[in-house]
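Undergrad: Just so we're on the same page, the working numbering is the position in the sequence shown counted from 1, plus 15.
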Amino acid sequence: MNLSTRQMRAFLHVARIGNFTRAAEQAHITQAGLSILIREMEKQLGCRLFERTTRVVSLTPEGRRLLPVVERLMTDLDDVAAELGAAGDAARRTLRIAATPLVSSHLLPQVFSTFRAAHPQVSLRLFDADLRDVEAMVAAGDADMGLGFFFKAAPGLERTPVGRFQLMRVSRLDDDDDADVPPGVGTAPWSSLRGAELVGLPPGNPIQKVIDQHLATIGRADAQRPAFNFFGTLISMVEAGFGTAVMPTFALAACRRHRVRTDVLAKPKVGLDFYRITKRGAHETEAMQAFVATLVKALPELSR
């Protein structure tokens, strides 16, 4: 026996209405199609389900015994389908984003605000984590996308550039400096770092590796300098007078909260691509596309 849901729904329509013509209309199929479904069902069960006369259609004893079972099955199936559909709709309206701490705290709040105003039907969820955890969350399907400086795509992930940031010098703003100088408007050559006491990220950090390549050209690739894991800590240490740091201009928003001076490094200017990562083969929803468009538009303003 292999009863289909179409057969069972046809059985319910006829049982409730007691007329093949009206039951077919309610089921949105032809009367002939409805009759075929009932005959196939009776053949599989090996019994008649309806007594048919020219004026009325009524259930046989076998049909009456089957009716509550089919009603219960169809009710349970419809309830589960409705719940799954609602969950699917909620999932399509929820966008889960994983990003590194400084991106989460200083870049995304403004982007989230702009996106939410334009797309109030989409719920945003943010997970702040280090770069490896961001990759792991996207790979596991726990986040729809990750944001950060990913110098290469991890297995199973795809990366797409969504912005570009320059490297800048971050130095302490001394008491005799003009506190009203807006951050990010100045420029300085790499040679200005030759005599500076430097602090940075750990030597194994991919961004620090790029920085060290350029510091090496002025004789300052010193892996023994004080190192800190997070840009927020690094900025605070610069403000406290522990040294000068080099970091991408995506940290400008964070720098504006501290008494530090920022100057884009020139001769040469060095840019770093900022990426979005997604799970390879994952469906890109309209919400994801809309968020990326908002992000791409916002990043240039946030990096100057």
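Glycine residues also receive a C-beta, built at the ideal position from the N, C-alpha and C atoms.
(1) Please state whether DSSP places Phe-180 in a helix, a strand or coil.
(2) For Gly-234, which of Asn-220, Glu-212, Val-253 and Leu-92 has the nearest alpha-carbon?
(3) May I ask you to list the residues that DSSP assigns as paired with Leu-310?
(4) Taking Ser-50 as the reference, which of Leu-60, Gln-59, Gln-41 and Thr-36 has the closest Cα?
(5) Relative to the C-alpha of Lys-167, which residue among Phe-180, Asp-157, Ser-186 and Leu-146 is closest?
(6) Under 7 Å from any heavy atom of the ligand ADP, does the C-beta of Pro-176 make it?
(7) I need the straight-line Cα distance from Ser-128 to Gln-181, nearest angstrom please.
(8) Within the same chain, show all residues whose beta-carbon is closer than 7 Å to that of Arg-272, passing over the 5 residues directly before and after it, in chain order.
(9) Where are the beta strand (DSSP E) runs, 3 residues long or more, that stay fully inside the region 54-87, in chain order?
(10) Just list the residues that DSSP pairs Ala-281 with in beta bridges.
(11) Tell me the residue span of the beta strand (DSSP E) that contains Val-261.
(12) Would you report the Cα separation of Ala-42 and Gly-61, rounded to the nearest angstrom?
(13) Between which two residues does the alpha helix (DSSP H) holding Gly-247 run?
(14) Enumerate in chain order the residues of its own chain whose CB-to-CB distance from Val-29 is below 8 Å, with the five nearest sequence positions on each side excluded.
(15) For Val-126, I'd like the list of residues in its chain whose CB is within less than 7 Å of its CB, leaving aside the five on either flank, ordered along the chain.
(16) With 8 Å as the threshold, decide whether the Cβ of Met-89 is near any Cβ in chain C.
(17) With DSSP run on the structure shown, which of helix, strand or coil describes Glu-212?
TA: A quick look at the data gives this:
(1) For the purposes of this step, residue 180 is taken as residue 165 along the sequence shown, with counting starting at 1. Strand, per DSSP.
(2) What you label residue 234 is simply residue 219 of the sequence shown in a count that begins at 1. Closest option to Gly-234, Cα to Cα, is Glu-212.
(3) Sequence index remark: in the sequence shown, residue 310 carries index 295 (1-based). Note: Leu-310 sits in no beta bridge, so no partner.
(4) Within the sequence shown, residue 50 is the residue found at index 35, counting from 1. Ser-50 has its Cα closest to that of Thr-36, out of Leu-60, Gln-59, Gln-41 and Thr-36.
(5) The sequence position of residue 167 within the sequence shown is 152, counting from 1. Cα-wise, what sits closest to Lys-167 is Leu-146.
(6) With respect to small molecules bound, the structure shown includes none, and the ligand ADP cannot be examined in it.
(7) Within the sequence shown, the letter at position 113 stands for residue 128. Within the sequence shown, the letter at position 166 stands for residue 181. One C-alpha to the other measures close to 25 Å.
(8) Position 257 of the sequence shown, counting from 1, holds the residue named residue 272. For Arg-272, where only same-chain residues beyond five positions count, there are no Cβ hits under 7 Å.
(9) 65-67 and 72-74
(10) Residue 281 sits at position 266 when you count from the first residue of the sequence shown. The partner list for Ala-281 (beta bridge, DSSP) reads Pro-204.
(11) By one-based count along the sequence shown, residue 261 stands at place 246. Taken as a continuous stretch (DSSP letters only), the beta strand (DSSP E) holding Val-261 covers 260-263.
(12) In the sequence shown, residue 42 corresponds to position 27, counting from 1. In the sequence shown, residue 61 corresponds to position 46, counting from 1. Computed Cα separation, rounded: 24 Å.
(13) Position 232 of the sequence shown holds residue 247. Per DSSP, Gly-247 belongs to the alpha helix (DSSP H) from 246-254.
(14) As a position in the sequence shown, residue 29 is number 14, starting the count at 1. Here the set comprises Phe-35, Ala-38, Leu-49, Ile-53, Phe-65 and Val-72.
(15) Translated into the one-based positions of the sequence shown, residue 126 becomes position 111. Taken in chain order, the residues that qualify are Thr-309, Leu-310 and Ala-313.
(16) The structure shown has no chain C; it contains just one protein chain.
(17) Taking the sequence shown and counting its residues from 1, one reaches residue 212 at position 197. Note: Glu-212 maps to coil in three-state DSSP.
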